[in-house]
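Working notes, structure below.
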């Protein structure tokens with residue numbers, strides 16, 4: 053692992069002050085939230101890491117759209133294996149965490165990507181107005 057972060061994780065905050073990813077992570081027990089946190093930290097230090105750690109889900113096409121990625125986390129508890137996904141985008145040196153879910157299907161659901169995309173657009177719009 054390198055000694056300096058290449059990007060810095062931040063939770064997306066809605067206009068009402070909700071931090072969806074943070075709220076979902078706080079509901080999880082240990083060791084699950086610790087493993088997911090370590091995976092996010094790994095990406096911060098090793099950006100631009102690729103599969104199996106990170107996967108690109110939807111590419112941004114304009115100056116005000118960023119690509120949506122997912123941090124891929126696997127947590128084993130005895131014989132049970134669960135897949136978790138933290139969706140994010142990178143703007144400048146910020147890794148903005150916009151969505152989090154337990155993966156139950158082979159493909160990341162379009163709905164989850166759409167939620168992340170909408171939050172990215174909201175965040176980018178607020179960046180433009182600052």
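In this note's numbering, the protein residues as written are 53 to 182.
Idealized CB from N, CA, C, for every residue including glycine.
In this structure the stretch 148-165 touches the stretch 70-86; the number of beta carbon pairs closer than 8 angstroms is three or more. Here residue 60 is exposed, its C-beta having fewer than 16 other C-beta atoms within 10 Å. DSSP places residue 126 in the uninterrupted beta strand (DSSP E) bounded by 120-129. Residue pairing from DSSP places residue 133 in a beta bridge opposite 128. For residue 154, the closest alpha carbon among the candidates 108, 161, 137 and 109 is that of 137. The Cβ atoms of residue 97 and residue 57 lie closer than 7 angstroms to each other. Residue 80 places its beta carbon 7 angstroms or farther from that of residue 165.
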